[in-house]
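Some notes on the structure that comes next.
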Amino acid sequence: MALVGTGSAVPATRLSNEALSTRVETSDDWIRSRTGIGARRIAGPNEGLTQLATQAAQACLDQAGWRADQVDLIVLATSSPDDLFGTAPRIQAALGASNAVAFDLTAACSGFLFALIT
Numbered sequence: 824m825a826l827v828g829t830g831s832a833v834p835a836t837r838l839s840n841e842a843l844s845t846r847v848e849t850s851d852d853w854i855r856s857r858t859g860i861g862a863r864r865i866a867g868p869n870e871g872l873t874q875l876a877t878q879a880a881q882a883c884l885d886q887a888g889w890r891a892d893q894v895d896l897i898v899l900a901t902s903s904p905d906d907l908f909g910t911a912p913r914i915q916a917a918l919g920a921s922n923a924v925a926f927d928l929t930a931a932c933s934g935f936l937f938a939l940i941t
């Protein structure tokens, strides 16, 4: 097993601390000094885990120069699945990775590490 590429995806909508401070009683300085956060992404109705993970996976394939049918394993580490029935198989189908085994690994913050050693 080897990592051959990486990919990422984020929701399109960006909410700055300034914009947030018009909705709730806070300020950019207060948030930034305590968390280091200057903005966050807000997922829209068509930007769920399946869609974002599929975009990230496709970016990974593109970077690696691979076709989806060359993938033999998809492990999705998440603490926030779309539902109880497994998101990885949906990503597999969306990519067209017909030769891959796909499963979700739900292990909270350590899920990423468990996925790497699986």
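As numbered in our numbering, the sequence shown has no gaps in its residue numbers, which increase by one up to the final residue, 941. Heads up, the beta-carbon is just placed ideally off N, CA and C, and yes, glycines get one too. Note that the structure is a prediction, hence the values are computed from the model and not measured.
Going by the beta-carbon positions, is the gap between residue i and residue j smaller than 8 Å?
i	j	result
C883	G919	no
L896	T910	no
P912	A925	yes
A832	L875	yes
Rounding to the nearest angstrom, what Cα-Cα distance links residue i and residue j in this structure?
i	j	result
P868	V894	29 Å
F908	A923	18 Å
D766	T877	Outside the shown range of the chain (824 to 941) lies residue 766, about which nothing can therefore be said.
T870	R864	Correcting the residue identity first, residue 870 is Glu in this sequence and not Thr. Approximately 11 Å, taken between the alpha carbons.
L936	S902	13 Å
Within 10 angstroms of the Cβ of residue i, are there 16 or more other Cβ atoms? Answer buried if so, exposed if not.
i	result
Q915	buried
T873	buried
D927	buried
A880	buried
I860	exposed
Can you check DSSP and say which residues form a bridge with residue i?
i	result
F926	V898
State the start and end residues of the unbroken alpha helix (DSSP H) segment that holds residue i.
i	result
A911	A911 to L918
A879	L872 to A887
Span of the beta strand (DSSP E) holding residue i?
i	result
S839	T836 to S839
I940	That residue, I940, is in no beta strand (DSSP E); its alpha helix (DSSP H) goes G934 to I940.
R863	A862 to I865
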